[in-house]
Each structure stands twice: as structure tokens, then as C-alpha cells.
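In our numbering, the protein residues as written are 1 to 105. A short worksheet on the structure shown next.
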Amino acid sequence: MNIHEVAVEVEKAILVGVVLPKDRRWEVDEYLSELQQLAATAGVEVVDQLVQDRQRLDPATFIGSGKVEELQQMVNAYQAKAVIFDEDLTPAQIRNLEKAIKAKI
């Protein structure tokens, strides 16, 4: 590498969406597609996405415990540094998820 080359590390992220009974799956897919474009604009590489069908949101983690484990495995496999949700999370949900998956929410 010469002095004019700069190594830029692209942050890898995983997108997460939840389909509730009031939602349509295609709408959630559209939201995730928009999020992916926004992430790319911000210099973030989306490496995968996770969508869960739920009757209601988990107050502690937003998604179910099984999906939290699956998300942790995905973060490790892709060496992702961030997880982007298609909805706003509470401070407690963010804290619980960051502790469980060891990535920025």
C-alpha cells in the first residue's frame, strides 16, 4: 500500500424485521429493502437479514429468544458489527440485545 491508498473497513450489518398479525409480509420486506439502501448510503454493508413472524413483540428483546440465538450465530458467522431493526426499540431492548449478541444495535 502506498501513502495515497487508504484502507477503509466497511461495517457489516444484519437487518431484522418482525411481521405482526396487523402487518403484511411484503410491507416488511419493502421496509427492509429501504433500510438496506439507507445502510449502503451510510457505507454499511448489509450481509443478511432475519424476519420473524410473531403474535406480539417480546418486551425484553423485541424478537423471540430463539431468534436472538439465531441472530447471535449470524453476527458471529458474518463478523457483523451492527444489527439494524426496522422498528424503534426501547432502551431496555437495545441493552438486552447488545448484551446477548455482542453487536451494536
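The C-beta atom is built at its ideal place from N, Cα and C for all residues, glycine as well. Here the structure is a predicted model, which means the values were calculated and not measured.
Legend entry - Residues near Met-1 by beta carbon distance below 6 angstroms, same chain, minus five either side: Its pLDDT being 49, under 50, Met-1 is placed unreliably by the model, and the measurement read from it follows with that caveat. Nothing listed; no residue qualifies.
Inset, instruction - Write down the C-beta distance between Val-16 and Arg-25 rounded to the nearest angstrom, noting that I regard them as a contact closer than 8 angstroms. - result: Going by Cβ atoms, the distance from Val-16 to Arg-25 rounds to 15 angstroms, so no, they are not a contact pair.
Legend entry - Contact set for Pro-91: own chain, Cβ-Cβ below 7 angstroms, skip 5 residues either direction: none
Inset, instruction - Just the C-alpha distance for Gln-55 and Ser-65, rounded to the nearest angstrom, thanks. - result: 14 angstroms
Legend entry - Local conformation of Gly-66 per DSSP, three classes: Three-state DSSP puts Gly-66 in a helix.
Legend entry - Closest residue to Ala-60 among Ile-94, Ala-103, Glu-11 and Asp-23 (Cα-Cα distance): From the listed residues Ile-94, Ala-103, Glu-11 and Asp-23, the smallest Cα separation to Ala-60 is found for Ile-94.
Legend entry - Asp-86 in three-state terms, based on DSSP: coil
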